[in-house]
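Numbering (our numbering), first residue to last: 31 to 267.
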Ligand code: UDP
């Protein structure tokens, strides 16, 4: 497999084509951003930690019977993926209230949500990723009704797998964002799963172990990500 030209460079990852039209290389950079790119910093080792963390989680999700785009780790900061036709949508499940839902609905942080709640957001940095609903997605042709249902089903299925996994490591999965795409007509999990795109709290102390450390300037960002990985048994060597 040969890495060719850069296809796309996002806020924390870059995507490269390969000599196989169905496969892409994802480079996890050390760049970290929040607030739609308004806060930015390079954090040493973060690319490596997120790449290995993501590989571990994607494998757990696959083992649970949910198809992902992950193929294999290539190097400390690179992994190989199936090329998906991505939906321009973010799927968020929340088990505990935190972040934007508290601001939007005037609820306090830390409330258990029973049942867990689900939200769609449109991927559009210029608009600040606005919240959208099932009707918007279909009316504007971003995904079909069938694919919308599949994305919800798979996002909740991932919740069942990961809530248990993190709880076994002494952590609460507060919320997370997933992105999906089509591969040979099937809805497949894409993008990444790392502490950049979810909230994780220590289950005893509720200490934040995710990107909120960066958003809120709490420090120890990469150290917290590594601690999360170590509690799950991720090998960062
Ligand atoms: N999230 C993400 N990328 C985004 C927006 C949100 O990975 O562009 C994740 C975020 O880390 C959190 C969950 O999705 O785990 C819900 O985010 P929220 O809506 O609370 O937004 P935020 O607090 O990040 O503004």
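Every residue gets a Cβ at the ideal spot worked out from N, C-alpha and C, and that includes glycine. Every value quoted in this text rests on a predicted model; they were computed, and no experiment measured them.
beta-carbon residue i near the ligand UDP non-hydrogen atom, thresh 7 Å
{"i": "residue 127", "result": "no"}
{"i": "residue 162", "result": "no"}
{"i": "residue 63", "result": "no"}
{"i": "residue 122", "result": "yes"}
{"i": "residue 207", "result": "yes"}
{"i": "residue 131", "result": "yes"}
{"i": "residue 40", "result": "no"}
{"i": "residue 227", "result": "yes"}
{"i": "residue 267", "result": "no"}
{"i": "residue 241", "result": "yes"}
{"i": "residue 159", "result": "yes"}
Span separating the alpha-carbon of residue i from that of residue j
{"i": "residue 263", "j": "residue 151", "result": "32 Å"}
{"i": "residue 301", "j": "residue 246", "result": "No statement about residue 301 is possible, as the shown extent of the chain runs from 31 to 267 and does not include it."}
{"i": "residue 71", "j": "residue 165", "result": "37 Å"}
{"i": "residue 205", "j": "residue 224", "result": "12 Å"}
{"i": "residue 22", "j": "residue 220", "result": "Absent from the structure is residue 22, since the part of the chain shown begins at 31 and ends at 267."}
{"i": "residue 60", "j": "residue 81", "result": "10 Å"}
{"i": "residue 50", "j": "residue 233", "result": "43 Å"}
{"i": "residue 145", "j": "residue 125", "result": "8 Å"}
{"i": "residue 261", "j": "residue 85", "result": "15 Å"}
{"i": "residue 115", "j": "residue 170", "result": "17 Å"}
{"i": "residue 242", "j": "residue 229", "result": "7 Å"}
{"i": "residue 63", "j": "residue 216", "result": "31 Å"}
{"i": "residue 251", "j": "residue 239", "result": "8 Å"}
{"i": "residue 33", "j": "residue 213", "result": "21 Å"}
{"i": "residue 141", "j": "residue 57", "result": "36 Å"}
{"i": "residue 31", "j": "residue 156", "result": "35 Å"}
{"i": "residue 98", "j": "residue 210", "result": "9 Å"}
{"i": "residue 83", "j": "residue 102", "result": "12 Å"}
{"i": "residue 119", "j": "residue 187", "result": "18 Å"}
{"i": "residue 93", "j": "residue 87", "result": "10 Å"}
{"i": "residue 54", "j": "residue 36", "result": "10 Å"}
{"i": "residue 177", "j": "residue 78", "result": "33 Å"}
{"i": "residue 135", "j": "residue 104", "result": "43 Å"}
For residue i, three-class secondary structure by DSSP
{"i": "residue 116", "result": "strand"}
{"i": "residue 127", "result": "coil"}
{"i": "residue 107", "result": "coil"}
{"i": "residue 101", "result": "strand"}
{"i": "residue 59", "result": "coil"}
{"i": "residue 86", "result": "helix"}
{"i": "residue 265", "result": "coil"}
{"i": "residue 135", "result": "helix"}
{"i": "residue 142", "result": "strand"}
{"i": "residue 76", "result": "helix"}
{"i": "residue 32", "result": "coil"}
**OP:** Jot down the residue ranges of each uninterrupted beta strand (DSSP E) in the stretch 158-224, minimum 3 residues, whole runs only, in chain order.
**Re:** Those beta strand (DSSP E) runs which fall completely within the stretch 158-224 and span 3+ residues are 201-208, 210-213, 216-219.
- request: Run through the stretch 232-263 for me and flag every whole beta strand (DSSP E) of 3 or more residues, listed as ranges in chain order.
  value: Along the stretch 232-263, the beta strand (DSSP E) does not occur as any fully enclosed run of 3 or more residues.
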